[in-house]
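*Asks:* Submitted below is the structure of interest, expressed as structure tokens.
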Amino acid sequence: MTKQPEKTPAEATAEQGEVLIDGPDGLALSLTPDAARQTAQSIHAAACEAQEQRSATILSDGRGDGGDSRP
Numbered sequence: 035m036t037k038q039p040e041k042t043p044a045e046a047t048a049e050q051g052e053v054l055i056d057g058p059d060g061l062a063l064s065l066t067p068d069a070a071r072q073t074a075q076s077i078h079a080a081a082c083e084a085q086e087q088r089s090a091t092i093l094s095d096g097r098g099d100g101g102d103s104r105p
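With the working numbering as the guide, the letters of the sequence shown map in order to residues 35 to 105.
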């Protein structure tokens, strides 16, 4: 990846039967409730996996920063 991961979380709201997601860098998304639920589950699973990967990096390199070399 060339861009650093975003640290600012997106915000989700419900309006007129749709789930609206607003995030950094102009992210805007409208989802049905079912699509939003499926997306939330997918994001949660990926976040858990990414956290495990960072924890493994801490254990393997001993840096204690999760492999994140940014200041």
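We put the beta carbon where it would ideally sit given N, CA and C, even for glycine. Just so you know, these numbers come straight off a predicted model, no measurement behind them.
In whole angstroms, give me the CA-to-CA distance for D59 and E49.
*Replies:* In the sequence shown, the residue the question calls residue 59 occupies position 25. In the sequence shown, the residue the question calls residue 49 occupies position 15. Answer to the nearest angstrom: the Cα atoms are 22 Å apart.
*Asks:* Suppose you measure from the CA of T73 to the CA of G57; what does that come to, to the nearest Å?
*Replies:* Here residue 73 refers to the residue found at position 39 when the sequence shown is read from its first residue. Here residue 57 refers to the residue found at position 23 when the sequence shown is read from its first residue. Near 15 Å, if we compare the C-alpha coordinates of G57 and T73.
*Asks:* Roughly how many whole angstroms lie between the Cα atoms of S64 and A90?
*Replies:* The residue you call residue 64 lines up with position 30 of the sequence shown. The residue you call residue 90 lines up with position 56 of the sequence shown. Those two C-alpha atoms are separated by around 35 Å.
*Asks:* Can you give me the start and stop residues for the alpha helix (DSSP H) that D95 sits inside?
*Replies:* Numbered from its first residue, the sequence shown carries residue 95 at position 61. Its alpha helix (DSSP H) spans residues 67-95.
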